[in-house]
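Residue 614 in numbering that gives the first Met the number 0 is what sits at position 615 of the sequence shown, and the numbering runs on without skipping anything. For glycine and all other residues, C-beta sits at the position ideal for the given N, C-alpha and C. Keep in mind the model is a prediction, meaning the values are calculated, not measured. Reviewing the structure listed below.
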Amino acid sequence: MKAQGDLSLNLRLASNPLERKEKLAIDLIKTILSSVLYLALTLYMLNMFHIEHVSFITIVFSFVPIASMYLIKRRNVQQMFIFGFLLLFIIFFSTQYRLIVNGFLLTVNQMNDVIGTHTGMIFPRYEVALDESSRTLTANLFWFIALLFVAFLSFLTVYAKKIYVMLLTVSFFALIHLFTGISGTFIHSLLLLFSVLSIVSHSFLYRAEKERLHVSEGSIVYVSIIALVALVLVIFSTALNVMQPIADYQKSAFISALEKTTKDVLDGLRFEKEQTNTFTHGDFTKLNELKLSDLTALEVIMDKPASMYLKGFVGAEYTPKGWLPLEPSVRYYSDGLFYWLNEKHFNVYNQLHHLFALTNESEAAENVANITIHNVNANSKYVYYPYELRTNPHEIEGVDMFADSHLLGESFLGERNYRYAITPRLVPRYPELANHLYALEDEEKVQDYLKHESHYNEFVYEHYTEIPDHIRLFMENLLDINVPDGNGHVNYEMAIHKIRTYLYDKIKYDTNVQTMPEGDDFLIYFLEESKAGFAAHYATAATVMFRHLGIPARYVEGFIITPDDVRNAEPYEKITLTGKNAHAWTEIYIDRIGWIPIEVTPPYLDKMEPIDLTHYPEGNGEQLEDFSTGELADDSEGVQEVFDEEQSNRNDLREEDPFNMMKFLLFLLVSAIVISVIVYVCYVYIKRRELHRLKQSFVEENCRDAVPKMFSYTMKLLHYHGIEQQNGTIASYVPLLKEQFSKDFAERFEQAVKINQKALYSDNTIQRDEYDIVKTFMEQTLTNVMASKNMFQKFKMKYVDFII
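So, in structure tokens, the structure goes:
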């Protein structure tokens, strides 16, 4: 009869010995799995953060000491090895402390660059004055220590069956990817996944209480194959890491689509309450019938009610499937420019007000309006603000600037209440501002403004005139207008008239449109096939057309406060903006002046206060060469000042910056703790249910089945209490139990053993009184074990080790 109790009984019985070759096989499998996990975690981490200078020799040398510590079986030799290694480590660390710290700072700088280019977050950089060879040395010294810890976690996971250590580590990587978009390449992700699955499979195939397979003997072959395949993947991954630069890696369409869907769902949960409109933040794949509801989106209170555009989403890059915000890497690398401009009191968000204050100082001091906005149901990711913003965004509580394009709420759920000051009605008056500026351009303060604007002007032309080559070709055939060669642009008034006329004549305004066919380019489909759409369609077409004509332009979604909305409004009266106030428009950059909204959607042409187009600056490529072409003005001293100040301030960028390193790390730490708590609670629930089912099996009517389970649980209690596992016969436990407990307890143990063997190996029926003897012995063992434990040990037994 098959010995069912062997599956749970953690004893080395003479009748069922563990073969030496099987021991070696198990140790080999554990070592391979630990090695694979170590290399998977290491390569994934180095690849994820683009860590440079770390050699494969360092990776191997960090692994060897930890592997040796686990592979040495003799306890006294193991203790000597650990003591010697710790002594050498202390000596090494104390003598190489400065180099190790420099290696750490180099690593932090590299991680900051990767996080910054993926998210736009700005972190301080640490000055490390080392040549290339010294950088390699310091990086390897630091990573030697860091990878010792990774190796320890890997062996702890496999040898000590602490799978939660591995799962928490992988969850931390997943958390970073969720919030930053940073991940390893596909092959490194596959390797990490495979190593995790291998170890999870291993944990199911082996019991934690013993070194014995608890399924078929052939399972050892299965685990060996898993380990060998994982090892091959490690070698392949390492070779690929050398041959294929990280920058060459492209995510698959499936992975990108999955990430986008996940992000959209999470953003909806975080920022959306009830949908007030069907604008899609530039996503063409979701653009279908326009629905503008009567549901309240924003509540606005002004001391001087005025009409205005409120900007939310700003699209900077056109793709066939939608508008994308400015790349986070652009924000990261341009932060020095915007920091310097802000220090010189040139803030892009306040440009119209700043220009007005320069040319109409007395009127600007009086023309102030205060606005309070309560975001009821609109997307709280964005902080809605007008072109006439007067308050520096740095001074608006709970708000972060994303380069020059839009304001974002700092908190996890966005921002729903904010206030700021504006200078009303500057958009309709901007031609007047331009004329005043040109009249005063010889004054020193205006010269300073123009110098600073020229630096931003270059940034604008670099990033907001780009369109894909196939779209530029399409536009050349579509628009019958001569585009200046080089970096010039078409006259503003002519461009606006041409674009409005084309869209009015060729396109039908229709809110009941269908989603574009999959695989099509949105703009080409709209202008050539459907020829029907609403504000999002018109604004997209106009933005691309302006760019084709050399004029910087962006796509904007937000809300409008129309003259009708404020016509009868009293000061401090609440103005309710519903979904019907949602809108999409294009904005263009007027050289020297700033960003101005341009209306091209037919039903909205007369909804907002009109702009006097007769006062437009001429703006042709020759007359405004320094300012309309995106080239810097002839001011080498000013350019040098930008770079000098950027370098001097880069190491201590804005102490008040909400996205500093400590806050970001704290956020990740708190998130990791929350996730860990949730995972642990689920783990406790599962383990408690398993223990509950085990105890339920003790009361089965079939005593033959119940007795081996009770005896196995009793042996688990004894081993937990400190009774060492014996390699001889079952009788070798008796002297230990007499010494640890009592002679009577040892005799009861012998009785229980005989009844258990009868249940396992005999066909005789187990009587109720025999069942009671084993049950009583189990309960007595539990009582004896519990009596020696304090409150904390009992807590550990229940919620960590799951023994009781």
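| query | result |
| --- | --- |
| Pull up the DSSP beta-bridge partners for A552, would you. | I587 |
| Can you check which of these residues, E586, H117, N783, is closest to R546 by C-alpha distance? | E586 |
| Can you give the beta carbon distance from T57 to N139, rounded, assuming they're within the 8 angstroms contact cut? | 5 angstroms |
| Anyone know if the C-beta pair for P385 and Y503 falls short of 9 angstroms? | no |
| For the beta strand (DSSP E) containing E298, list its first residue and its last residue. | 295-301 |
| Would you check if the stretch 541-560 and the stretch 489-500 touch, i.e. whether three or more CB-CB distances between them fall below 8 angstroms? | yes |
| Would you list the one or two residues that DSSP bridges to L323? | E316 |
| Per DSSP, P304 forms a beta bridge with which residues? | Looking at the DSSP assignment, P304 forms no beta bridge with any residue, so it has no partner. |
| For Q792 and T168, I'd like the C-alpha separation in whole angstroms. | 27 angstroms |
| Looking only at its chain, what residues have a beta carbon closer than 6 angstroms to the beta carbon of Y588, apart from the 5 residues adjacent to it on each side? | V459, P551, W594 |
| By the three-class DSSP mapping on this structure, what secondary structure does T371 have? | strand |
| Does the beta-carbon of E700 have 16 or more other beta-carbons within 10 angstroms, so that it is buried, or is it exposed? | exposed |
| Can you tell me the Cβ-Cβ gap for L357 and V445, rounded? I've got them flagged as a contact below 8 angstroms. | 6 angstroms |
| From the DSSP output, in three-state form, read off M709 for me. | helix |
| Would you kindly work out how many angstroms separate the C-alpha atoms of L40 and A145, rounded to a whole number? | 12 angstroms |
| Going by Cα to Cα distance, which pick from K160, A705, S200 is closest to V773? | A705 |
| My output table needs one value for G637: the three-state DSSP class, helix, strand or coil. | The predicted position of G637 is uncertain, since its pLDDT is 42 and thus under 50; no value can be drawn from it. |
| Sort N789, R747, K788, T782 by Cα distance to E769 and report the nearest one. | R747 |
| Classify A173 as buried or exposed, calling it buried when 16 or more other Cβ atoms lie within 10 Å of its own Cβ. | exposed |
| Determine contact between the stretch 419-439 and the stretch 343-363, defined as no fewer than three beta-carbon pairs at a distance below 8 angstroms. | yes |
| Are the beta-carbon atoms of L548 and I480 separated by less than 9 angstroms? | yes |
| When you compare the CB positions of T713 and F776, do they come within less than 9 angstroms of one another, or not? | yes |
| What whole-angstrom Cβ distance do L717 and T780 have, given they're in contact under 8 angstroms? | 6 angstroms |
| How long is the line joining the alpha carbons of V149 and K742, rounded to whole angstroms? | 48 angstroms |
| Please go through the same chain and pick out, in chain order, the residues whose beta-carbon is closer than 8 angstroms to the beta-carbon of D509, but skip the five residues on each side of it. | A531, G532, F533 |
| Got a sec? Which residues, its chain only, sit under 7 angstroms from A305 by beta carbon, not counting five neighbours each side? | A368, P423, R424, V565 |
| If F411 and R269 are in contact, beta carbons under 8 angstroms, what's the gap, nearest whole angstrom? | 7 angstroms |
| Taking Y417 as part of the beta strand (DSSP E), name the residues at either end of that continuous run. | 416-421 |
| Restricting to Cα atoms, I'd like to know which of T295, E749, Y331, I765 is closest to G578. | T295 |
| Among F337, S194, A745, F143, whose alpha-carbon lies nearest the alpha-carbon of I162? | S194 |
| Under 7 angstroms Cβ to Cβ from T156, same chain only, skipping five residues before and after it: list those, please. | L36, I162, V164, M165, I198 |
| Let me make sure I understand the geometry here. Which of I114, R389, K753, H352 has the alpha-carbon closest to that of G180? | I114 |
| Of all the beta strand (DSSP E) runs that stay within the bounds of the stretch 326-412, which reach a length of 3 or more residues? | 368-374, 398-401, 405-408 |
| For G281, which option in G518, R553, Q766, V799 has the closest C-alpha, if you only look at C-alpha atoms? | R553 |
| Who are L291's beta bridge partners in DSSP? | N276 |
| Which of the three DSSP states, helix, strand or coil, is assigned to A531? | strand |
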